Each structure stands twice: as C-alpha cells, then as structure tokens.
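Some notes on the structure that comes next.
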Amino acid sequence: MHEVTVNLHMHTRYSDGSGVHKDIAAAALKAGVDAVIVTDHNILVQGFEGYYKDKNRKILMLIGEEVHDQARDPQKNHLLVFGANRELATFAENPQNLINQVREAGGICFLAHPDDPEAKAFNETDISWEDWSVQNYTGIELWNALSELKTVVPTKLHGAFYAFFPAFVANQPIPNTLTKWDELLASGQKVVAIGGSDAHALDMHMGPIHRIIFPYEFHFRTVNTHTLLPGPLTGDVTSDRSAIYRAFAAGHCFIGNDLPAPTKGFRFSAQGKEGNAVMGDEIPAKFGVTLQTKVPSAGEIILLKDGRPIQTWMNQLSCTYITAEPGVYRVEVYRNYLGKRRGWIYSNPIYVR
Ligand SMILES: [Zn+2]
Ligand SMILES: [Zn+2]
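For the sequence shown, the residue numbers in the numbering used here are 579 to 931.
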C-alpha cells in the first residue's frame, strides 16, 4: 500500500482564517505533506482544487467544508464534510438530516472537535459535538490540534508563550474524546478516526506583541492523517481525490503527530487463515489472527482491545500479538519529546469478529 500524508481541517479568509489558498499551498510544499483539505465554515469554496507545484515537489489541495448551524446558540455540532458534490450548509439546522444529505451527495463526514472547551483567552465558547443520537457518519476528528490548544491556554499570556514555543503543545487527543471513541466502537459501529489541525493562522495582538500564532506550516508538521492507498497518487485530481476519500471512508489511515519524529511507515495489520486486514478492515477470529505493528522508530507501543490496554512494548520497531478473541483492536504509540510523553501515533482499529 502507498502512504499519503494528509493535513486536513483548515480555514482561510473565506471564513475565519487569516491566510489564502496559495499561502496554504506554499506552507504545505515547505512542510512536505502530500495533500491538504481546506474546510471553510459553511461554504464550499470553488476553484482551488488541484495540484500546486514548486520546483520538483507537488501537493494536492482538496476543498471540503465545515458545516454548523450559525443560528444555534451556542454554535455546537460542527461537521467536516469531504467529497460532497454540492453546497450543504443549508442543511445545518438538523445534524442527522445534514449527515443524510452528505451521503446523498456522495460525500463522507466526520464529527469535528467532539470535545472543544471554552477558551476565555480567545473569547471562544464551548463548541463540542452535542447531538450524539446521530448515525451514519463516517467517523470523528479524534485529535483536533486547536481544541487541545484551548485546554492548555487559560489566559492570553499562556497563548503568547505557545505562540513563540508552539512545539510545547501537541501532546495528545483530549482524553474524553478517546473514551467517547471507544464507547462508540463498543456499540458495534465502525467509527473512523482522523486528526485535524483546525489551522486558522490567527493574528494575535497583545501589547507590543503582534504575531501569527500557529501558522499553517507549523500545523502541517504536526497532526496529520496518514492514509494508505492501493496505488501511488497519479497526478490526476479526480482519481486521486476519490482514492483518498475512499481510504478515509474505509478507515485505512492513522493519525501521526509528526513533530516529535516522522510517523511515516507506521503499520498495523492482521494476518488470518483466510486473508489479511489493514486498519479499518474486519477479519474473522475463528482460526486465530496475528496482529502486527511496525513503527518507523522506537516508541512505547500499546495494543488496546475494546478500549483497554492488553500489552505494551518498549523500544521495539515491530511486535506481534496472536489472538482468537473477537474485539476491536487498535494501537497507540507514545514518545518523549521536549521533556514530555507525547501521543505520537493513533491507529484506526482492526475489527476481529
Ligand atoms: Zn469547528
Ligand atoms: Zn474549524
């Protein structure tokens, strides 16, 4: 399989970001990701999808949309919509109807920042996902870099600190969101996890300090969704776009925090008597399954079954676990960086049925 590094969920001046699409393309080329998905609030911006080139590098820019009901107070239930063939913001009022419309328009969707606390320093209210009765969505944004930031910035002064030392943030997804994901998985549904940056490249003013905090390029080097495709990107926008969205829909992806060390090359797979599986796939338990994890450099590898850790490996580049027990198996990898244990890799599950 071919790994494609995707940075997703970001805003431009079409909503509340400070940059334009060409700034995003330039930052993505510098950071070295393969694709970005721009998602402005309540507008499917036309005319920017395509390959952007710089010397011998190129990146694919895709355009999605982040939809929420702007008349609702507080403005909760943000939905990331990818691959839909039309504007869907008009359906924002009813989240389930919106999800149904996304499906009808050939798209996929993810509940954005499921836990998104109030941040007084930015005059932001709590905009967590609230309507948990919804069904038929593709998955959740397990790690949203901006929600995490809101949890560590109680005052503007803290904001200023992280503005100058952003590498001290990206620690891990919000623990509540991980718990919620495991609960959803335990109910028997498939829920794909993706990681988003929610990059706005915000312009912060505080006394003499004037700075773009968390610029696009910083985000593109941090929380990425690494996607496994059956073949390499071809350079054809239409087919590459659908290959990426098909991989997302199937859960053939993992979340990598590329700041502590590159996560490219991580794999979590299963070998059974009657075939193999990758992240997002089902495999029968009946004749036994060998779960295999590979990491690109050493870390603390934790294998979880139904949300509970069942084995930990330290300082190994690959490890295996044999089981005949049905369950939802997934992997988390941690690594120390700048004096702190960081969440480094979160796999999508393999469903042993
Ligand atoms: Zn949002
Ligand atoms: Zn957003």
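Quick reminder that beta carbons are idealized off the backbone N, C-alpha and C, glycines included.
Quantities reported herein were computed from a predicted structural model and do not represent experimental measurements.
Item	Value
Cβ-heavy atom distance between residue 667 and ligand 1 below 7 Å?	no
Measuring CA to CA, which of 930, 890, 877 and 891 is closest to residue 922?	877
With hydrogens ignored, establish whether the beta-carbon of residue 761 is closer than 7 Å to any heavy atom of ligand 1.	no
Any idea which residues DSSP pairs residue 710 with across the strands?	Residue 710 pairs with nothing; no bridge assigned.
Do the CB positions of residue 660 and residue 798 come within less than 8 Å of each other?	no
Please name the residue or residues paired with residue 948 in a DSSP beta bridge.	This structure does not reach residue 948, given that the chain is present from 579 up to 931, and the question cannot be answered.
Could I get the ranges of all uninterrupted beta strand (DSSP E) runs contained in the stretch 810-879, with 3 residues as the minimum, in chain order?	831-835, 845-850 and 853-856
Does the distance from the C-beta atom of residue 595 to that of residue 779 stay below 8 Å?	yes
Would you report the Cα separation of residue 603 and residue 586, rounded to the nearest angstrom?	13 Å
So, helix, strand or coil for residue 640, using DSSP?	strand
Is the CB-CB distance between residue 639 and residue 617 below 8 Å?	no
Counting pairs of Cβ atoms below 8 Å between the stretch 752-760 and the stretch 708-721, do you hit three or more?	yes
DSSP puts residue 656 in a beta bridge; with which residues?	Note: residue 656 sits in no beta bridge, so no partner.
Decide if residue 664 is buried, meaning its Cβ has at least 16 other Cβ atoms within 10 Å, or exposed.	exposed
Check the C-beta distance from residue 885 over to residue 760 and give it rounded, since I have them as a contact under 8 Å.	3 Å
Please state whether DSSP places residue 801 in a helix, a strand or coil.	strand
Pick helix, strand or coil for residue 738, following the three-state DSSP scheme.	helix
Between which two residues does the beta strand (DSSP E) holding residue 696 run?	Note, residue 696: premise wrong, no beta strand (DSSP E); not H, not E.
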